[in-house]
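Chains as they are written, first to last, in the working numbering: chain A, 246 to 478; chain B, 246 to 478; chain C, 246 to 478; chain D, 246 to 478.
Worksheet: the structure to be examined is printed underneath.
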């Protein structure tokens, strides 16, 4: 577990099961970790358990994201891993959606990711080392009815990931997009007895992120999709 | 040319070659047409030539888009065709881009399209009739280096198109996304003698839009891509 | 209808609704048409109705395909349109399928298409003019359970179409792949009253093929998908 | 390295760098390994180095593949990992290719993979345990000019992989398709000093296969792509 070739990590949009599991894995590998969320209160148990540092951020605010990166580097040094895990979701018929809510949803899913990739790039380019992992969803490869704002945000995130990978990989920065296809099991919830492992285990997801971090640069992935064994696609 | 099964059209993001050719084709088929752009001065020749009506709009402003649709219906009656042809583009290394410009680019390429699809849906759903055509680009299916904001906007547009097609087609509204893959030849420019038709002729693009408008609902396309014969992809 | 820029057509894998509708459209546009199938008996009504010529062929036999093209050119002159509409389908659990049947299915869906594209290319390259249309299916873009041989054949067909388009388009030959997504309504069958146009009308499909034949070379499509308005995807 | 949850492996199409590296990794994890190829002479050094067993097979022959699986199970017991790494490639203009060579190429790339997946499924279904890994290529997601037979074979392989994953994953068998995008560095060859790691290191590829074998069933991938950091895509 100690063979991760990076020395520090920032996870944005922390709070969900994925971020918790990833924080634990990175901490157990010895990396200092900052976890950032709009609401850090809910992060207290994770901070106490792992020794990670919690910082507040509104990911859709470019200046706020810059401050987060500044503060993070003050606290844990030069950043080498950035995970963007935030997203905004509004559901409903197109005709009924509130335009302001749609704008905010796309702002969190896509613009916030851009601001984060930008700050990461600025800090990683001088050393030519780092990894940026973006949490995608099936909604980023297929647009479903009644979910147009989420489709917009997650498609945009995927476009950003591919464009950033094309630009940054040859400069030593590994950019990857993880398509999480299915429901993530809330941490601590018992799995279904009838259909074991029919939702994504956050620990299993986090291990996929670690697989990406450990890839040799002669064989980098820019995208991987994961889903429960029983899920059709 | 008179067999278009719709009676009125609004083209948003007019001014480019595609919008001009499309306006001419729709007008010659007898449809009243409104062409909307941020700057309507440049539309004067097209208005004089075709009798289309020009209206001002900032497509990235939800309230402005709603006013445009209201005014359009006052001028030409119930809308049956809406074409979204606006996009925002900023190029450059991720680290050098201005966050505000990125936000504006995504606002025009993607949020403006959402506002337009929403207004179109509100007006077309009661009659269960209409067509919404969205102008995409190769950047919406593949993310290129140094063009991340355009990738984000055009990927988002494609996600919107697919989600909207899934939701609105079964309600009688044809939503389609046209992937324009290559340089569009400016109207009036002589074609290359060495490589004739090596850029997209706006009249040829417009005919593809008409092909979509004429499709029978038992065989609708949600996406078509077009490129010059000599272009590899 | 007389504006098809080609003068003769060969349809391979005739017999289905698509081929019948396409034969009628091409004949009504004045083109001589050869329709080829393994069993030509069933083509008699279509021959009598349209004046098309029926020829026998086993599309999975390379030599037979070459003879078909030779004979076709003897009968109707230099070929300018070739449509490949044959496919082989075996369904069932992977473990239960007969290897020989799988080989035959892939032979008809994919190898037969290659032999036909090759014969078409040989004949069209000298004049730098022609169109090759390949009938695909949803199974060519998504692999479904219990249908692996059809997935193999239709994926292979799509790969052939894309490779052939990249090679032959710059030489003046338009290659396009039509993804027919849904059930095709048998010719003559009444449509559902509850859900009108919920299966693909063969006449509507054929009109899409004609749209492709009429595209200007500055804006060629290599792929288009069509499905009934009520079909989710 | 000993945490691979499977106990035996068969690699078909051995000989290339990928198979060699994978054989070493699996052997060092303690698994008995059979490596199969049309020509086993070239496998002697690998057999001597690793203790793997070499068997002859013509992968495009269904009966031969069945015999290979029978013999493999006699030698190393119930099979739990099968890797299909064979492919047939013919290059050239469509008009110049030999139909028989095209058929053989598709036979090795695609039909041989089907026969192998089928034999694997028959043996793994009773226990509901196993993994099948298929070596794909960029040619399986994009059709290039002058390479239509390889496009057909690799597209077909990808269709098979997706269809098989949909069918077999819910029965406990992990099917995955690895898109190897770029040139694989021959084993033992010095890497470029100017552009280090600009071709895929076979050891790095093999580690990706191991990552897949170690995935938890609540988060299985059916596809992953890998390419050198400097490669645009």
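Beta carbons: idealized from backbone N, C-alpha and C, even for Gly.
Since the structure is predicted, the reported quantities are computational estimates derived from the model, not experimental observations.
Taking C-beta separations shorter than 7 Å and ignoring five residues to either side along the sequence, the partners of residue 320 (chain B) in its chain run 279 and 298, following chain order.
In this structure, residue 442 (chain A) places its C-beta atom within 8 Å of the C-beta atom of residue 473 (chain A). In the structure shown, the three-state DSSP call for residue 301 (chain A) is strand. Across the structure, residue 345 (chain A) and residue 338 (chain C) are spaced so that their CA atoms are roughly 49 Å apart. Within a 10 Å sphere around the beta-carbon of residue 394 (chain D) sit 16 or more other beta-carbons, which makes this residue buried.
The three-state secondary structure of residue 256 (chain D), taken from DSSP, is strand. Counting only Cβ-Cβ distances below 9 Å, residue 444 (chain A) has contacts in chain D at 463, in chain order.
Between residue 356 (chain C) and the set D:365, D:343 and D:364, the nearest pair of CA atoms involves D:343. Inclusion of residue 379 (chain C) and residue 402 (chain C) in the CB contact set at 8 Å is warranted, their separation being smaller than that value. For residue 314 (chain B), the closest Cβ of chain A is not nearer than 8 Å. Going by C-alpha positions, residue 410 (chain C) is about 14 Å away from residue 460 (chain C).
A straight-line Cα-Cα distance of about 48 Å links residue 361 (chain D) and residue 367 (chain A).
If you keep only unbroken beta strand (DSSP E) runs of at least 3 residues inside the stretch 376 to 440 of chain B, you get 418 to 425. Distance check between residue 283 (chain C) and each of C:347, C:333, C:421 and C:418 places C:333 closest, using alpha-carbon atoms only. One finds nothing in chain D with a Cβ atom closer than 8 Å to the Cβ of residue 332 (chain C); even the nearest lies about 13 Å away. At a Cβ-Cβ threshold of 8 Å, residue 322 (chain C) and residue 273 (chain C) do not count as neighbours. Sequence-distant partners of residue 289 (chain D) (beyond 5 residues in either direction) whose C-beta falls short of 8 Å from its own C-beta, in its chain, are 299. The beta carbon of residue 427 (chain C) lies closer than 7 Å to those of 444, 445, 472, 473 and 476 in the same chain, with the five residues before and after it left out. In this structure, DSSP gives residue 468 (chain C) an extended state, which the three-state scheme calls strand.
Counting only Cβ-Cβ distances below 8 Å, residue 411 (chain D) has contacts in chain A at 477 and 478, in chain order.
Residue state for residue 280 (chain B) is assigned as strand, using DSSP reduced to three classes. Closest option to residue 310 (chain B), judged by alpha-carbon separation, among B:389, B:386, B:363 and B:438: B:363.
Each residue's CA atom was taken as its position, placing residue 392 (chain C) and residue 263 (chain D) some 30 Å apart. Membership of residue 326 (chain A) in the beta strand (DSSP E) is indicated by the continuous run 326 to 329.
A straight-line Cα-Cα distance of about 53 Å links residue 286 (chain D) and residue 396 (chain A).
Excluding residues up to 5 positions away in sequence, 276, 325, 326, 374, 375, 376 and 458 lie with their Cβ nearer than 8 Å to the Cβ of residue 251 (chain B) in the same chain. Interface criterion met: the Cβ of residue 470 (chain D) is under 8 Å from a Cβ in chain A. Per the coordinates, the alpha-carbon of residue 462 (chain B) lies some 13 Å from the alpha-carbon of residue 470 (chain C).
Legend: CB atoms of the stretch 263 to 277 of chain C lying less than 7 Å from CB atoms of chain B are not found in any residue. Between the alpha carbons of residue 317 (chain D) and residue 269 (chain D) lies a gap of roughly 18 Å.
Under the DSSP definition of a beta bridge, residue 445 (chain D) partners with D:429. Within chain A, the C-beta atoms nearer than 9 Å to that of residue 415 (chain D) come from 474, 475, 476 and 477, in chain order. When C-alpha distances from residue 388 (chain B) are compared across A:417, A:388 and A:422, the shortest belongs to A:422.
The beta carbon of residue 256 (chain D) sits no closer than 8 Å to any beta carbon of chain A. For residue 388 (chain B), at least one C-beta of chain A is nearer than 8 Å to its own C-beta.
The DSSP-derived three-state label of residue 290 (chain A) is helix.
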